[in-house]
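Chemist: Residue numbers (our numbering), protein chains in the order written: chain A, 19 to 352; chain B, 19 to 352.
Number of protein chains: 2
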Amino acid sequence: MKVLVDCHGADAGVQVAVEGALDALNERKSLSVVLCGKKQDIDKCLEGKTYDKERLEIKEAGEPITNDDAPALAIRRKKDSSMVLGLRALAAGEADAMVSAGNTGSLLVGTQVIVKLIEGATRATLASVVPTIKDTHTIIVDSGANVDCRPEMLEEFAVMGDVYMRNIFGIERPTVGLLSNGAEEEKGTPAIKEAHALLKNGGLNFVGNIEARDVLTGAVDVLVTDGFAGNVAIKACEGMGKAMFVLIKEGIMQGGLKAKIGYLLLKNVFRGVKKRVSSDEVGGGVFLGANKIVIKTHGASNAFSYKKSILNADRLAEKNVVGQIAEGLRKVKE
Amino acid sequence: MKVLVDCHGADAGVQVAVEGALDALNERKSLSVVLCGKKQDIDKCLEGKTYDKERLEIKEAGEPITNDDAPALAIRRKKDSSMVLGLRALAAGEADAMVSAGNTGSLLVGTQVIVKLIEGATRATLASVVPTIKDTHTIIVDSGANVDCRPEMLEEFAVMGDVYMRNIFGIERPTVGLLSNGAEEEKGTPAIKEAHALLKNGGLNFVGNIEARDVLTGAVDVLVTDGFAGNVAIKACEGMGKAMFVLIKEGIMQGGLKAKIGYLLLKNVFRGVKKRVSSDEVGGGVFLGANKIVIKTHGASNAFSYKKSILNADRLAEKNVVGQIAEGLRKVKE
């Protein structure tokens with residue numbers, strides 16, 4: 019498979035994108051990459067590196083889209099940006115998937131407008147896979163792209179999440195839950211209650227409403243939510259994780275020598291926990307519902323997150339997740 | 019001040035309510051309580067206990083409202099339940115505040131219908147105070163009662179939260195933030211964007227949108243949100259806190275003798291962190307916007323949580339928070 023890499027958009031600059039791409043190339047011999055961005059910046063990052071030149075192309079681009087750009091406007095105006103050129107090449111079939119750390123809103127608009135949606139999909143959803151304390155994974159659809167969702171959209175997200183978990187994690191019949199403010203059927207906003215009814219009467223393995231305290235307990239394989247609540251749930255977990263480490267550190271600083279020795283003995287445990295709850299491990303959020311796989315890796319990405327996202331994009335393309343989603347949506351609409 | 023205690027509704031039964039009330043009586047000599055519930059159950063819990071009988075009354079009640087009851091229906095049908103009798107006595111001026119661990123929906127409906135709202139308040143909001151890692155407190159309005167909120171309601175919640183933080187925490191000019199899926203002004207659902215405009219042009223110390231990762235960082239004193247997102251944010255934090263402890267424990271179990279010794283040395287630190295993030299410390303959620311103070315303490319309450327909630331109710335009544343909120347809302351509507 020061939021994966022396009024938008025080399026602009028990460029806080030750390032072009033270098034992490036290029037390094038991540040080279041690491042991915044070295045790890046998977048069947049992979050090719052197209053690095054899209056300012057050629058001179060990319061060339062500088064490639065200097066002195068060893069890699070299989072047969073499997074690496076560069077696509078020259080102009081001024082990149084930034085986080086200060088208005089999402090839709092940027093797609094229309096910055097036609098030679100790495101993001102727009104990449105999405106165009108993807109739409110034209112020059113590659114099988116794309117990875118970008120750029121402006122989420124622009125990437126969503128660009129994916130929908132340039133790569134276009136699968137028949138039957140109302141929107142592309144940003145799907146994020148989070149690790150659970152059971153050592154399983156839960157996919158959150160939508161995790162932040164579509165803030166205002168009609169019940170039918172939530173049902174589509176559920177179908178896409180179900181396809182993903184079957185194909186990528188090999189779960190035969192994924193459990194599907196709906197994020198709400200209570201487990202009871204009558205809890206939620208009007209849209210959530212309607213989505214509950216749709217899912218209950220649909221063909222998926224729907225287990226009902228899930229509270230946000232169960233986002234990480236592995237209660238379900240697919241967690242359906244609008245992008246507003248999805249973003250709140252994920253960011254709140256992230257914030258609480260950081261808060262806990264801050265409080266533990268404070269406690270250790272105030273706890274004298276005894277606590278400091280305790281910390282040294284538990285250093286590896288803390289490191290392990292940090293790694294378990296890190297989003298780097300799972301390889302970015304995926305826009306599902308479009309005609310090609312587009313992965314949004316976070317703005318704070320390092321080379322490791324890029325590598326993971328690129329390998330994940332390769333795998334999703336190889337497993338034909340797009341085709342499977344099209345099939346799933348077709349069945350729902352019948 | 020006199021505080022009514024609904025003795026039914028906690029998972030642990032009548033005993034924790036009665037014990038909490040006695041502890042509160044012992045701690046604050048200016049306090050009186052009215053225990054509302056099945057007299058025979060209450061009497062059993064009082065047996066052999068020492069307390070100032072002058073400051074304790076019992077109000078006999080019949081079949082209690084449970085979590086299985088439909089909220090509004092229960093208020094209409096179970097007229098001699100401890101919750102309804104308590105709210106009636108409160109409305110009649112027989113006490114200054116009330117504490118209940120019962121069905122949140124029923125308590126919200128009952129508060130609005132029986133105790134009635136302050137002029138200018140569209141709804142009662144469930145306000146929850148959470149401790150932050152800066153050792154300050156943030157009030158979350160609404161934290162789970164009103165799932166579907168118009169922008170004007172969110173503005174009212176902001177006013178109520180501002181009054182609370184000024185009066186109870188002595189903060190001169192509390193900062194107010196709006197929970198959204200991004201810090202930028204244009205982020206959020208249509209209702210959130212409209213609320214943003216109202217708050218920006220209002221008289222409070224509004225600092226803009228706040229992401230859920232900042233719920234616990236003390237970024238603002240008052241965090242405004244609808245009850246759906248508020249519930250998601252709080253429950254996600256709760257779940258992540260538990261998840262972190264589970265992962266740390268797992269790491270220690272797998273880490274051999276070294277990790278186990280580390281754990282023993284850090285035991286007090288872990289206990290301190292657990293206490294810091296516990297909701298028991300802050301004394302329940304408060305329904306603001308009603309003519310009297312009503313506090314919802316959680317279903318899993320123990321005697322300590324009841325005590326904290328009763329003392330908090332006493333303090334809020336003493337500080338005339340209701341009168342201050344009425345004044346605040348009057349100013350906004352002018």
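Positions of the beta carbon are idealized from the N, C-alpha and C atoms, including for glycine.
1. Just the C-alpha distance for isoleucine 158/A and leucine 216/B, rounded to the nearest angstrom, thanks.
2. Does alanine 201/B pass the burial test, meaning 16 or more other C-beta atoms within 10 Å, or should it be called exposed?
3. Short of 7 Å in beta carbon distance, which residues of its chain neighbour aspartate 41/A, apart from the five on each side in sequence? Order them along the chain.
4. Between which two residues does the beta strand (DSSP E) harbouring aspartate 24/B extend?
5. Please confirm whether valine 165/A has its beta-carbon closer than 7 Å to some beta-carbon of chain B.
6. Using a cut-off of 9 Å between C-beta atoms, extract the partners of glutamate 212/B located in chain A.
7. Determine the closest residue to asparagine 309/B out of Met262/B, Ala30/B, Met116/B, Gly123/B, with distance taken between C-alpha atoms.
8. Mind reading off the beta-carbon distance from valine 291/B to leucine 284/A? Whole number of angstroms is fine, and I expect it under 8 Å.
9. Closest to glycine 31/B by CA distance: which of Ser48/B, Lys56/B, Lys20/B, Arg46/B is it?
10. Please classify glutamate 137/A as buried or exposed, where buried requires at least 16 other C-beta atoms within 10 Å of its C-beta.
11. Can you check whether the CB of leucine 64/B is closer than 7 Å to the CB of valine 23/B?
12. Would you kindly work out how many angstroms separate the C-alpha atoms of alanine 247/A and arginine 348/A, rounded to a whole number?
13. Let me know the secondary structure DSSP gives proline 192/A once reduced to three states.
14. Distance, Cα to Cα, aspartate 61/B vs isoleucine 151/B?
15. Could you list which residues in chain A have their beta carbon closer than 7 Å to that of aspartate 232/B, in chain order?
16. What residue does the beta strand (DSSP E) around isoleucine 75/A start on, and which one ends it?
17. Check proline 82/B in the structure and name its three-state DSSP category.
18. Ignore the nearest five residues each way along the sequence and tell me which others in serine 124/A's own chain have a CB closer than 8 Å to its CB.
19. Return yes when the Cβ of proline 192/B is within less than 7 Å of the Cβ of aspartate 239/B, no when it is not.
20. At 9 Å on the CB atoms, spell out the chain A contacts of tyrosine 281/B, in chain order.
21. Roughly how far, in whole angstroms, is the beta-carbon of valine 233/B from the beta-carbon of alanine 213/B, given that I think they are within contact range, below 8 Å?
22. Would leucine 282/A be called buried (16 or more neighbouring beta carbons within 10 Å of its own) or exposed?
23. Are the C-beta atoms of isoleucine 266/B and some chain A residue less than 7 Å apart?
24. Closer than 7 Å, Cβ to Cβ, to anything on chain B: give me those residues from the segment 220 to 254 of chain A, in chain order.
25. Please report whether the beta-carbon of lysine 293/A lies at a distance below 7 Å from any beta-carbon of chain B.
26. Find the residues of chain B that neighbour valine 270/A, judging by a C-beta separation of less than 9 Å, and give them in chain order.
27. Please report how far the alpha carbon of tyrosine 69/B lies from the alpha carbon of alanine 335/B, in whole angstroms.
28. Let me know the alpha helix (DSSP H) ranges lying completely inside the segment 285 to 340 of chain A, each 4 residues or longer, listed in chain order.
29. From the DSSP output, in three-state form, read off isoleucine 136/A for me.
30. Thinking C-alpha only, which one of Gln342/B, Leu329/B, Glu203/B, Asn338/B is nearest serine 48/B?
31. Considering just the uninterrupted stretch of the alpha helix (DSSP H) at serine 198/B, what are its terminal residues?
32. Do we get a CB-CB distance below 7 Å when we pair threonine 207/B with the residues of chain A?
33. Helix, strand or coil, according to DSSP, for isoleucine 151/B in the structure here?
34. Express the C-alpha separation of alanine 230/B and alanine 254/B in angstroms, rounding to a whole number.
35. Under 7 Å between the Cβ atoms of phenylalanine 224/B and valine 194/B?
36. Which partner residues of phenylalanine 224/B appear in the DSSP bridge assignment?
Modeler: Taking the definition as stated:
1. In the first sequence, the residue the question calls residue 158/A occupies position 140. In the second sequence, the residue the question calls residue 216/B occupies position 198. Rounded to the nearest angstrom, the two C-alpha atoms are 32 Å apart.
2. Numbered from 1 along the second sequence, position 183 holds the residue referred to as residue 201/B. Exposed.
3. Taking the first sequence and counting its residues from 1, one reaches residue 41/A at position 23. Once the five neighbours on either side are set aside, the close Cβ partners of aspartate 41/A are Ala321, Lys325.
4. For this step, residue 24/B is matched to residue 6 along the second sequence. Unbroken beta strand (DSSP E) run through aspartate 24/B: 20 to 24.
5. Position 147 of the first sequence, counted from the first residue, corresponds to residue 165/A. It does; some Cβ of chain B falls within 7 Å.
6. As a working mapping, residue 212/B is identified with position 194 in the second sequence. Under the 9 Å cutoff, chain A gives no residues; its nearest Cβ is about 13 Å from glutamate 212/B.
7. Within the second sequence, the letter at position 291 stands for residue 309/B. Asparagine 309/B has its Cα closest to that of Met116/B, out of Met262/B, Ala30/B, Met116/B, Gly123/B.
8. Position 273 of the second sequence holds residue 291/B. Position 266 of the first sequence holds residue 284/A. About 13 Å separates the two Cβ atoms, so there is no contact after all.
9. Along the second sequence, read from residue 1 onward, the residue named residue 31/B stands at position 13. The shortest C-alpha separation from glycine 31/B is found at Lys56/B.
10. Translated into positions along the first sequence, residue 137/A becomes position 119. With fewer than 16 Cβ atoms within 10 Å of its Cβ, glutamate 137/A is classed as exposed.
11. Start at 1 with the first residue of the second sequence, and residue 23/B comes out as number 5. Start at 1 with the first residue of the second sequence, and residue 64/B comes out as number 46. No, Cβ-Cβ distance for valine 23/B and leucine 64/B is not below 7 Å.
12. In the first sequence, counting from the first residue as 1, residue 247/A sits at position 229. In the first sequence, counting from the first residue as 1, residue 348/A sits at position 330. Roughly 27 Å separates the two Cα atoms.
13. Counting from 1 along the first sequence, the entry for residue 192/A is found at position 174. Reduced to three states, the DSSP call for proline 192/A is coil.
14. The count along the second sequence starts at 1 and reaches residue 61/B at position 43. The count along the second sequence starts at 1 and reaches residue 151/B at position 133. In a straight line, the C-alpha of aspartate 61/B is about 42 Å away from that of isoleucine 151/B.
15. Looking up residue 232/B in the second sequence gives position 214. Here the neighbours are Gly257.
16. Within the first sequence, numbered from 1, the residue matching residue 75/A stands at position 57. It should be noted that the sequence gives glutamate, not isoleucine, for residue 75/A. That run of the beta strand (DSSP E) goes 74 to 78.
17. Along the second sequence, one-based indexing puts residue 82/B at 64. Of the three classes helix, strand and coil, the one that applies to proline 82/B here is coil, per DSSP.
18. Start at 1 with the first residue of the first sequence, and residue 124/A comes out as number 106. Around serine 124/A: Ile83, Asp87, Pro89, Ala90, Ala92, Ile93, Met101.
19. Working through the second sequence from its first residue, we reach residue 239/B at position 221. Working through the second sequence from its first residue, we reach residue 192/B at position 174. A contact, by the Cβ cut-off of 7 Å.
20. One-based indexing of the second sequence puts residue 281/B at position 263. Going along chain A in sequence order, the residues near tyrosine 281/B (Cβ under 9 Å) are Gly280, Leu283, Leu284, Val287.
21. Translated into positions along the second sequence, residue 233/B becomes position 215. Translated into positions along the second sequence, residue 213/B becomes position 195. Not confirmed; about 18 Å, so no contact.
22. The residue labelled residue 282/A in the question sits at position 264 within the first sequence. Answer is exposed; the Cβ neighbour count stays below 16.
23. Within the second sequence, residue 266/B is the residue found at index 248, counting from 1. Cβ-Cβ to chain A under 7 Å: yes for isoleucine 266/B.
24. Glu229, Ala230, Arg231, Asp232, Val233, Leu234, Thr235, Gly245, Phe246, Ala247, Asn249, Val250, Ala251, Lys253, Ala254
25. One-based indexing of the first sequence puts residue 293/A at position 275. Cβ-Cβ to chain B under 7 Å: no for lysine 293/A.
26. Along the first sequence, one-based indexing puts residue 270/A at 252. The sequence shown places isoleucine at residue 270/A, rather than the valine named in the question. Leu284, Val287, listed in chain order.
27. Walking along the second sequence from the start, residue 69/B turns up at place 51. Walking along the second sequence from the start, residue 335/B turns up at place 317. Answer to the nearest angstrom: the Cα atoms are 23 Å apart.
28. 321 to 336
29. The residue you call residue 136/A lines up with position 118 of the first sequence. DSSP places isoleucine 136/A in coil when its eight states are reduced to three.
30. For this step, residue 48/B is matched to residue 30 along the second sequence. Of the listed residues, the one whose Cα sits closest to serine 48/B is Leu329/B.
31. By one-based count along the second sequence, residue 198/B stands at place 180. Annotation: serine 198/B is outside any alpha helix (DSSP H) and is labelled neither H nor E by DSSP.
32. Taking the second sequence and counting its residues from 1, one reaches residue 207/B at position 189. It does: the Cβ of threonine 207/B has a partner Cβ on chain A nearer than 7 Å.
33. In the second sequence, the residue the question calls residue 151/B occupies position 133. Three-state DSSP puts isoleucine 151/B in coil, outside helix and strand.
34. For the purposes of this step, residue 254/B is taken as the residue at position 236 of the second sequence. For the purposes of this step, residue 230/B is taken as the residue at position 212 of the second sequence. Computed Cα separation, rounded: 10 Å.
35. Position 206 of the second sequence, counted from the start, is the residue given in the question as residue 224/B. Position 176 of the second sequence, counted from the start, is the residue given in the question as residue 194/B. For the pair phenylalanine 224/B and valine 194/B, the CB atoms are nearer than the 7 Å cut-off.
36. Counting from one through the second sequence, the residue named residue 224/B turns up at place 206. Answer by DSSP bridge pairing, in chain order: Val194/B.
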